[in-house]
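As they're listed, the protein sequences go chains A and B.
Per this note's numbering, residue 28 is the first one in the first sequence, and the count goes up by one each step.
Per this note's numbering, residue 28 is the first one in the second sequence, and the count goes up by one each step.
By construction, the Cβ of each residue, glycine as well, lies at the ideal position given by its N, Cα and C atoms.
Working notes, structure below.
Number of protein chains: 2
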Amino acid sequence: MKPTINIGIIGLGIVGCGALKILQENKNEIALKVGSELRVKRIADLDIERERPVEFDRSILTTDAYEIINDPEIDIVVELIGGVKPAGKFIMDAIKNGKHIVTANKALIAQEGHPLLEEAGNRKQDFFFEASVGGGIPIIRPLKICLAGNKIEQVIGIVNGTTNYILTRMSQDGQDFSDALAEAQRLGYAEADPTNDVEGFDAAYKISILASIAFTSRVDVKGVYHEGITKLTKRDTAYARDLGYCVKLLAIAKRNNGAMEIRVHPAFIPQTHPLASVNDVYNGIFVKGNAVGDVMFYGQGAGAMAAGSAVVGDIIDIARNINCGATGRISCTCFENKAMLSMDDVVTKYYIRMQTADRPKVLASIANIFGDNDVSIASVLQKTRGHNGEAEIVWITHEVKEKNFRTALAAIEKLPVVAQVSNWIRVED
Amino acid sequence: MKPTINIGIIGLGIVGCGALKILQENKNEIALKVGSELRVKRIADLDIERERPVEFDRSILTTDAYEIINDPEIDIVVELIGGVKPAGKFIMDAIKNGKHIVTANKALIAQEGHPLLEEAGNRKQDFFFEASVGGGIPIIRPLKICLAGNKIEQVIGIVNGTTNYILTRMSQDGQDFSDALAEAQRLGYAEADPTNDVEGFDAAYKISILASIAFTSRVDVKGVYHEGITKLTKRDTAYARDLGYCVKLLAIAKRNNGAMEIRVHPAFIPQTHPLASVNDVYNGIFVKGNAVGDVMFYGQGAGAMAAGSAVVGDIIDIARNINCGATGRISCTCFENKAMLSMDDVVTKYYIRMQTADRPKVLASIANIFGDNDVSIASVLQKTRGHNGEAEIVWITHEVKEKNFRTALAAIEKLPVVAQVSNWIRVED
Chain A
28 MKPTINIGII
38 GLGIVGCGAL
48 KILQENKNEI
58 ALKVGSELRV
68 KRIADLDIER
78 ERPVEFDRSI
88 LTTDAYEIIN
98 DPEIDIVVEL
108 IGGVKPAGKF
118 IMDAIKNGKH
128 IVTANKALIA
138 QEGHPLLEEA
148 GNRKQDFFFE
158 ASVGGGIPII
168 RPLKICLAGN
178 KIEQVIGIVN
188 GTTNYILTRM
198 SQDGQDFSDA
208 LAEAQRLGYA
218 EADPTNDVEG
228 FDAAYKISIL
238 ASIAFTSRVD
248 VKGVYHEGIT
258 KLTKRDTAYA
268 RDLGYCVKLL
278 AIAKRNNGAM
288 EIRVHPAFIP
298 QTHPLASVND
308 VYNGIFVKGN
318 AVGDVMFYGQ
328 GAGAMAAGSA
338 VVGDIIDIAR
348 NINCGATGRI
358 SCTCFENKAM
368 LSMDDVVTKY
378 YIRMQTADRP
388 KVLASIANIF
398 GDNDVSIASV
408 LQKTRGHNGE
418 AEIVWITHEV
428 KEKNFRTALA
438 AIEKLPVVAQ
448 VSNWIRVED
Chain B
28 MKPTINIGII
38 GLGIVGCGAL
48 KILQENKNEI
58 ALKVGSELRV
68 KRIADLDIER
78 ERPVEFDRSI
88 LTTDAYEIIN
98 DPEIDIVVEL
108 IGGVKPAGKF
118 IMDAIKNGKH
128 IVTANKALIA
138 QEGHPLLEEA
148 GNRKQDFFFE
158 ASVGGGIPII
168 RPLKICLAGN
178 KIEQVIGIVN
188 GTTNYILTRM
198 SQDGQDFSDA
208 LAEAQRLGYA
218 EADPTNDVEG
228 FDAAYKISIL
238 ASIAFTSRVD
248 VKGVYHEGIT
258 KLTKRDTAYA
268 RDLGYCVKLL
278 AIAKRNNGAM
288 EIRVHPAFIP
298 QTHPLASVND
308 VYNGIFVKGN
318 AVGDVMFYGQ
328 GAGAMAAGSA
338 VVGDIIDIAR
348 NINCGATGRI
358 SCTCFENKAM
368 LSMDDVVTKY
378 YIRMQTADRP
388 KVLASIANIF
398 GDNDVSIASV
408 LQKTRGHNGE
418 AEIVWITHEV
428 KEKNFRTALA
438 AIEKLPVVAQ
448 VSNWIRVED
């Protein structure tokens with residue numbers, strides 16, 4: 028056996044407890060795989076009094092993260108406090124003190140990861156963040172290593188478990204958004220302030236990270252279009268089902284003529300698509316490579332043990348690198364600065380649901396405006412609703428530039444016969 | 028850039044051509060990722076005249092594999108001829124000459140991998156075989172690295188595309204086995220002699236490889252029970268559907284009280300199981316870890332470019348190891364020699380279809396024999412067939428030891444009222 032490798036954990040919340048538990052329970056197997064004992068030497072958290080769902084020697088607790096960052100015996104610093112501040116400073120200081128880093132912090136990596144990765148890379152130190160996307164699902168390493176021979180064409184992910192749970196309830200049980208959200212909150216799947224999840228911020232961080240690896244180009248998350256699921260209704264999820272689709276919050280990254288097309292929004296996908304069967308809090312990440320074709324990675328996107336599994340996988344990888352003197356072996360692979368495609372130039376299909384007057388030529392007048400803007404129609408469904416002279420029309424378009432679609436929609440909304448465009452959702456085949 | 032890394036390929040068949048094409052098409056991206064140019068210096072094949080679906084400088088062709096194995100300039104030997112002989116000798120000689128190895132040869136790894144892996148490990152040389160299971164799907168590295176913090180409880184795979192294609196046609200189109208096989212042969216998905224696939228040999232090799240990694244224990248493929256799909260009929264696939272299942276050829280590996288339970292056979296799985304939506308020639312590998320929970324890996328299990336993707340991923344990983352002096356970084360992880368569970372002691376559920384006399388007390392007399400052997404019944408379905416006085420009875424049991432089940436079945440087959448036990452299939456929930 029080689030010398031013990033010392034670990035410091037900053038942040039003993041849900042994921043921290045999971046990682047600690049795994050390191051304890053699987054201690055012997057891990058030592059055999061690494062060739063060293065892994066020892067959690069110190070844990071920092073602002074709250075060192077609270078009971079935790081894992082037993083450990085509480086004398087290693089400290090409220091001062093710098094007792095870890097400045098400890099010359101500690102080899103690996105695991106940052107699990109989340110958020111940009113003070114996590115970013117902790118990590119930078121730890122790197123400068125020669126520590127290897129493991130983090131699950133998607134907000135930090137997506138917004139301010141560059142200087143951290145660069146500093147670690149220059150110093151030949153490891154900086155791993157497998158748990159930042161997809162919880163326990165192996166996805167970052169498979170993209171960086173196993174699929175490294177590919178030019179990755181697309182990454183399409185269901186990467187937010189909270190919204191996927193809500194959408195599953197809406198689709199399967201006919202719930203409306205607010206009821207499904209309330210249930211998710213009751214079950215602990217959604218936070219009291221659910222904005223970060225339901226408005227797509229979380230998914231935007233994650234797809235930025237995946238896209239930067241897939242396309243070997245730095246992605247500025249500020250340029251990533253994101254739209255949440257709050258405007259979806261059970262009428263939309265029901266229409267989706269009737270039309271052979273289901274509704275998912277997709278995080279999409281595609282190569283598009285040398286630029287990167289990256290966007291997060293609810294979308295119709297065919298019920299036969301591999302991602303369509305990713306339900307409840309599960310995540311699924313669908314990757315298309317120019318060699319491998321379609322592959323999908325599926326599993327629990329969150330939770331103490333699942334995310335802890337990814338954190339411990341990173342720790343083991345670093346420990347193996349330490350033991351063969353190969354830390355910094357694979358560092359940042361963003362060799363390029365590709366342009367981001369504007370949403371105006373995105374080409375996709377659309378579902379539109381609108382309330383109109385129920386009389387002759389209404390459909391024709393709307394279809395004319397679509398046609399004037401090069402929006403061609405794949406299917407249309409008209410339903411009379413009650414006796415108030417109102418109809419509901421549902422359209423599915425062929426592929427068209429978002430700019431043209433939006434221009435058409437603005438003109439249609441002004442038609443006197445159109446009471447309301449109730450919703451529109453992009454369709455991904 | 029570091030010095031060029033030289034590659035020799037032995038066997039320029041389907042996968043060899045795929046790997047060569049990928050190395051050419053994605054040359055620049057790969058060089059950036061590795062930090063070196065990768066150069067295919069020499070290719071050996073018995074047939075150097077045939078046209079191939081890839082353009083390359085044919086002067087590098089040779090019929091003599093030892094022009095690669097003995098070339099001191101070559102760093103990585105890629106073995107793609109398949110089969111145990113002479114591939115095993117080629118690889119051992121190459122290892123002894125200091126070469127790192129990439130192979131897709133599941134039969135060799137499963138049957139005679141041990142001394143090769145040991146020799147490479149002792150010499151700190153890399154020996155990778157990601158393409159041996161699941162084609163392009165990343166599965167071996169995720170198990171060895173990303174999920175290394177887990178005690179893996181189960182691996183259940185659809186790892187043979189040929190049989191999955193046949194079963195998909197039987198299930199979806201109501202074809203019988205022989206028609207579906209003929210179609211698979213016409214499309215190039217099945218070989219003229221399909222024994223290796225349809226009798227489950229191929230899947231047995233693959234699950235042996237996965238189990239040895241998942242359970243960190245050497246698996247002797249000779250001890251792996253395997254049963255093919257040739258006895259399945261369209262009546263069975265139709266009953267499966269009606270009962271909420273689908274039929275898949277499963278390769279199963281489970282931890283069972285310190286022993287390993289490894290078996291390959293057709294099985295009913297619920298239509299809601301993630302593996303149930305793995306259709307046609309696709310593969311899916313479902314893994315349960317004590318930390319990560321359930322994860323699934325999905326993609327094309329065969330084909331030039333998909334398997335080529337895995338081969339090139341291995342090459343890139345070795346090249347990165349060469350460039351940081353860390354070859355042999357992760358070698359064989361079989362630290363144990365766990366016992367294999369006998370099929371007699373396997374506990375599972377069963378579907379049984381039988382033809383019986385259509386008269387009172389037949390069902391009771393069969394049910395009694397089941398009961399006498401501790402086989403308890405979850406559901407039973409009886410159908411009268413025509414007017415010949417014969418009935419068809421379909422049973423689903425609860426969990427029971429295979430030994431008890433087989434004893435019951437042998438007794439039932441001897442009952443005068445039982446014309447025939449037409450088929451029985453294990454049920455995995």
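*What does a CB cutoff of less than 6 Å around Lys48 (chain A) pick up in its chain, not counting 5 residues either side in sequence?*
Against the first sequence, residue 48 (chain A) aligns to sequence position 21. Within the same chain, Lys48 (chain A) has close Cβ partners Val81.
*asked:* Are the CB atoms of Val322 (chain B) and Gly18 (chain A) within a distance shorter than 8 Å?
replied: Residue 18 (chain A) is absent from the model: chain A starts at 28 and stops at 456.
*Look at the Cβ atom of Ile312 (chain B), then the Cβ atom of Phe324 (chain B), and state whether they are nearer than 8 Å.*
Taking the first residue of the second sequence as 1, we reach residue 312 (chain B) at position 285. Taking the first residue of the second sequence as 1, we reach residue 324 (chain B) at position 297. Yes.
*Mind pulling the chain A residues with CB within less than 8 Å of Ile349 (chain B)?*
The residue you call residue 349 (chain B) lines up with position 322 of the second sequence. Under the 8 Å cutoff, chain A gives no residues; its nearest Cβ is about 11 Å from Ile349 (chain B).
*asked:* Please list, in chain order, the residues of the segment 167 to 195 of chain A that have any C-beta partner in chain B closer than 7 Å.
replied: For the segment 167 to 195 of chain A, the residues whose beta carbon sits under 7 Å from a beta carbon of chain B are, in order, Arg168, Pro169, Ile172, Cys173, Leu174, Ala175, Gly176, Asn177 and Lys178.
*Since Pro301 (chain B) meets chain A, which of its residues come closer than 9 Å, beta carbon to beta carbon?*
As a first step, residue 301 (chain B) must be located in the second sequence, where it is residue number 274. Residues of chain A whose Cβ lies closer than 9 Å to the Cβ of Pro301 (chain B) are, in chain order, Ser304, Val305, Tyr309 and Tyr325.
*Between Ile240 (chain B) and Val251 (chain B), which are expected to be in contact by the criterion C-beta below 8 Å, what is the C-beta distance as a whole number of angstroms?*
One-based indexing of the second sequence puts residue 240 (chain B) at position 213. One-based indexing of the second sequence puts residue 251 (chain B) at position 224. Not a contact, Cβ separation roughly 15 Å.
*In angstroms with no decimal places, state the Cα-to-Cα distance between Arg85 (chain B) and Leu73 (chain B).*
Indexing the second sequence from 1 puts residue 85 (chain B) at position 58. Indexing the second sequence from 1 puts residue 73 (chain B) at position 46. Cα atoms of Arg85 (chain B) and Leu73 (chain B): separation of roughly 14 Å, rounded to the nearest angstrom.
*Could you tell me which residues DSSP pairs with Cys273 (chain A) in its beta bridges?*
In the first sequence, the residue the question calls residue 273 (chain A) occupies position 246. Answer by DSSP bridge pairing, in chain order: A:Ile296.
*asked:* Taking 7 Å as the limit between beta carbons, can you name the residues of its chain near Ala238 (chain A), skipping five residues before and five after?
replied: Working through the first sequence from its first residue, we reach residue 238 (chain A) at position 211. Only Val182, Val246, Ala280, Met287 and Ile289 meet the Cβ criterion.
_Limits of the unbroken alpha helix (DSSP H) element including Ile342 (chain B)_ = Numbered from 1 along the second sequence, position 315 holds the residue referred to as residue 342 (chain B). Here the alpha helix (DSSP H) through Ile342 (chain B) covers Ala331 to Asn350.
*What do you reckon, are the CB atoms on Ser244 (chain B) and Glu146 (chain B) nearer than 8 Å?*
The residue you call residue 244 (chain B) lines up with position 217 of the second sequence. The residue you call residue 146 (chain B) lines up with position 119 of the second sequence. Not closer than 8 Å, so no.
*Hey, how far is the Cα of Arg268 (chain B) from the Cα of Ser198 (chain B)?*
In the second sequence, counting from the first residue as 1, residue 268 (chain B) sits at position 241. In the second sequence, counting from the first residue as 1, residue 198 (chain B) sits at position 171. Answer to the nearest angstrom: the Cα atoms are 8 Å apart.
_Paired residues, beta bridge with Ile354 (chain B) - DSSP_ = For the purposes of this step, residue 354 (chain B) is taken as residue 327 along the second sequence, with counting starting at 1. Note that residue 354 (chain B) corresponds to Thr in the displayed sequence, not to Ile. Per DSSP, none; premise fails for Thr354 (chain B).
*Extent of the continuous beta strand (DSSP E) to which Asp321 (chain A) belongs*: As a first step, residue 321 (chain A) is located in the first sequence; it is residue number 294 there, counting from the start. Per DSSP, the unbroken beta strand (DSSP E) holding Asp321 (chain A) starts and ends at Gly320 to Gln327.
*Output, in sequence order along the chain, the residues in the segment 350 to 364 of chain A whose CB is closer than 8 Å to any CB in chain B.*
Within the segment 350 to 364 of chain A, the residues whose Cβ lies closer than 8 Å to some Cβ of chain B are Cys351, Gly352, Ala353, Gly355, Arg356, Ile357, Thr360 and Phe362, listed in chain order.
*Coarse secondary structure for Phe204 (chain A), derived from DSSP in three states*: Taking the first residue of the first sequence as 1, we reach residue 204 (chain A) at position 177. In this structure, DSSP gives Phe204 (chain A) a helical state, which the three-state scheme calls helix.
_For Thr243 (chain B), three-class secondary structure by DSSP_ = As a first step, residue 243 (chain B) must be located in the second sequence, where it is residue number 216. Here Thr243 (chain B) sits in coil by DSSP.
*asked:* By the 8 Å beta-carbon criterion, what residues does the segment 85 to 102 of chain A contribute toward chain B?
replied: Under the 8 Å Cβ criterion, the segment 85 to 102 of chain A contributes no residue.
*Give a yes or no on whether the minimum CB-CB distance between Ala318 (chain B) and chain A is below 8 Å.*
On the second sequence, position 291 is the one that residue 318 (chain B) refers to. True, the Cβ-Cβ gap to chain A drops below 8 Å.
*Supposed close pair Tyr378 (chain B), Ile439 (chain B) - CB separation, criterion 8 Å*: On the second sequence, position 351 is the one that residue 378 (chain B) refers to. On the second sequence, position 412 is the one that residue 439 (chain B) refers to. That pair is no contact at about 14 Å.
_Candidates B:Ile193, B:Ser358, B:Pro165 and B:Arg79, of which the one nearest Lys151 (chain B) by Cα_ = Numbered from its first residue, the second sequence carries residue 151 (chain B) at position 124. Nearest C-alpha to Lys151 (chain B): B:Ser358.
*asked:* Considering only the alpha carbon of each residue, which of A:Gly140, A:Asn223 and A:Val407 lies closest to Leu479 (chain A)?
replied: Look at the range of chain A in this structure, 28 to 456, and you will see that residue 479 (chain A) is not part of it.
*Are the C-beta atoms of Val81 (chain A) and some chain B residue less than 8 Å apart?*
Sequence index remark: in the first sequence, residue 81 (chain A) carries index 54 (1-based). Contact with chain B is absent for Val81 (chain A), since none of that chain's Cβ atoms lies less than 8 Å from the residue's Cβ.
*Thr260 (chain A) beta carbon less than 8 Å from that of Asn415 (chain A)*: Along the first sequence, one-based indexing puts residue 415 (chain A) at 388. Along the first sequence, one-based indexing puts residue 260 (chain A) at 233. If you check the CB distance, Asn415 (chain A) and Thr260 (chain A) do not come in under 8 Å.
*Okay, do the segment 93 to 108 of chain A and the segment 208 to 215 of chain A touch, 3+ Cβ pairs below 8 Å being the bar?*
No, they do not touch.
_Below-8 Å beta-carbon distance, Val339 (chain A) vs any chain B residue_ = Within the first sequence, numbered from 1, the residue matching residue 339 (chain A) stands at position 312. Among the residues facing chain B, Val339 (chain A) is included, as its CB has a counterpart in that chain under 8 Å away.
*Does the segment 213 to 229 of chain B come within contact of the segment 343 to 355 of chain B, defined as at least 3 CB pairs closer than 8 Å?*
Contact between the segment 213 to 229 of chain B and the segment 343 to 355 of chain B is absent, because fewer than three Cβ pairs lie under 8 Å.
*Note down the Cα distance separating Arg386 (chain A) from Tyr216 (chain B), rounded to an integer number of angstroms.*
Taking the first sequence and counting its residues from 1, one reaches residue 386 (chain A) at position 359. Taking the second sequence and counting its residues from 1, one reaches residue 216 (chain B) at position 189. If you take the alpha carbons of Arg386 (chain A) and Tyr216 (chain B), they lie about 55 Å apart.
*Would you say Lys60 (chain B) faces chain A, with C-beta separation under 8 Å as the test?*
The residue you call residue 60 (chain B) lines up with position 33 of the second sequence. Yes, its Cβ sits closer than 8 Å to a Cβ of chain A.
*Can you check whether the CB of Ala318 (chain A) is closer than 8 Å to the CB of Met367 (chain B)?*
Counting from one through the second sequence, the residue named residue 367 (chain B) turns up at place 340. Counting from one through the first sequence, the residue named residue 318 (chain A) turns up at place 291. Not closer than 8 Å, so no.
*Kindly indicate which three-state DSSP category Gln199 (chain B) falls into: helix, strand or coil?*
Counting from 1 along the second sequence, the entry for residue 199 (chain B) is found at position 172. Helix, per DSSP.
*Residues of its chain near Gln202 (chain B), where Cβ-Cβ distance is below 8 Å and the 5 sequence neighbours each way are ignored*: Here the question's residue 202 (chain B) lines up with position 175 in the second sequence. Closer than 8 Å at Cβ, skipping near neighbours: Arg196, Glu210 and Lys261.
*asked:* So, with DSSP's three-state summary, where would you put Pro301 (chain B)?
replied: Residue 301 (chain B) sits at position 274 when you count from the first residue of the second sequence. Reduced to three states, the DSSP call for Pro301 (chain B) is helix.
_Ser392 (chain B) at chain A interface by Cβ criterion, 8 Å_ = Looking up residue 392 (chain B) in the second sequence gives position 365. For Ser392 (chain B), the answer is no, since every Cβ of chain A falls outside 8 Å of its Cβ.
*Would you please state the rounded distance, in angstroms, between the beta carbons of Gly161 (chain B) and Asn310 (chain B)? I believe it to be under 8 Å.*
Counting from one through the second sequence, the residue named residue 161 (chain B) turns up at place 134. Counting from one through the second sequence, the residue named residue 310 (chain B) turns up at place 283. Asn310 (chain B) and Gly161 (chain B) do touch by the CB rule: their CB atoms are close to 5 Å apart, below 8 Å.
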